[in-house]
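Notes follow the structure.
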């Protein structure tokens, strides 16, 4: 899963009621033109006030970004969010939203930066815990990845649980926590009919976990699959000096 599932909400915009002033002013004009004009002028004054309000402009750009994103235009949504931040430097939701967009684009460094600025650690949501775990893994902060990925489970959702377990297992291997790696990866359900892409990566890390936990036959089997496919994949050449592949 490389897409955030957190639900973002519209920000409150001040002054939306000014529209009713204009309607009221126009309606009143036919009864008392002086009063009608006065009401319209009050509406104009408030409209100008809110138009020049930085907080209001920030909220408008943020809400516009949500609309753009819902239509599939992530690039323009990012531009709108940058404008939201320009008008209000402490618009945490805008930073947070930007972080989610960067995560969707697999730009994990920027995702982590903006999510933190948005206060992601204070948001209690399992999908964001997973997002943080993925970001930390892809920015090579494996201890933090393990921390977040062990905080959640996705019982009842095999796909997400497989994603969590595989990422946790890979992070544990990189952190040399091989028992945790083995425990996680042994629970992953994955199609190994064709050893490439995700399957190749899985075989490598599972084989590595087996090797360092003295599960020699499994290590030979899974690392052998990798070696047969690609003699230069990661550090498989190092293992090939220790294990006699068939």
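Residue numbers (our numbering): 3 to 248. Note that CB positions come from ideal geometry on N, CA and C, so glycine has one too.
Check	Outcome
Can you find the residues in the same chain that come closer than 7 angstroms, C-beta to C-beta, to residue 156, ignoring five residues on each side of it along the sequence?	162, 163, 166
So, using beta-carbon positions, are residue 103 and residue 118 closer together than 7 angstroms?	no
Which two residues bound the contiguous alpha helix (DSSP H) that contains residue 169?	160–176
Verify whether the separation of the beta carbon atoms of residue 221 and residue 212 is less than 7 angstroms.	yes
What is the rounded straight-line gap between the Cα of residue 225 and the Cα of residue 194?	13 angstroms
CA-CA distance, residue 153 and residue 237?	30 angstroms
Rounded to whole angstroms, what is the Cα-Cα separation between residue 247 and residue 229?	8 angstroms
Does the Cβ of residue 234 have 16 or more other Cβ atoms within 10 Å, making it buried, or fewer, making it exposed?	exposed
When the Cα atoms are used, what is the spatial distance from residue 76 to residue 85?	14 angstroms
Return the CA-CA distance between residue 78 and residue 114, expressed in angstroms with no decimal places.	20 angstroms
Which of the three DSSP states is assigned to residue 188 in this structure?	coil
Shortest alpha-carbon distance to residue 244 belongs to which of 231, 232, 210?	210
Report the CB separation of residue 116 from residue 101 in whole angstroms; it is logged as a contact under 8 angstroms.	3 angstroms
Could you give the first and the last residue of the continuous alpha helix (DSSP H) run that contains residue 12?	Counting along the chain, residue 12 falls outside any alpha helix (DSSP H), and DSSP gives it neither H nor E.
Taking the straight line between their C-alpha atoms, what separation do you get for residue 242 and residue 129?	39 angstroms
Under the three-state reduction of DSSP, which class applies to residue 150: helix, strand or coil?	helix
So the candidates are 192, 95, 175; which of them puts its Cα closest to the Cα of residue 143?	175
For residue 122, does the count of other Cβ atoms within 10 angstroms reach 16, so buried, or fall short, so exposed?	buried
Smallest Cα separation from residue 185: which of 126, 171, 227, 177?	171
Do you know how far the Cα of residue 147 is from the Cα of residue 1?	The structure shown does not extend to residue 1, since the chain is modelled only from 3 to 248, so the question has no answer here.
What's the gap between the Cα of residue 178 and the Cα of residue 93?	39 angstroms
With a CB to CB cut of under 7 angstroms and the five nearest residues on each side skipped, what residues in its chain are close to residue 82?	63, 66, 67, 70
Would you check if the distance between the CB atom of residue 133 and the CB atom of residue 105 is smaller than 7 angstroms?	yes
So residue 169 and residue 151 are in contact, right, with Cβ under 8 angstroms, and what is the actual spacing, rounded?	6 angstroms
Could you check the C-alpha separation between residue 57 and residue 97 for me, to the nearest Å?	15 angstroms
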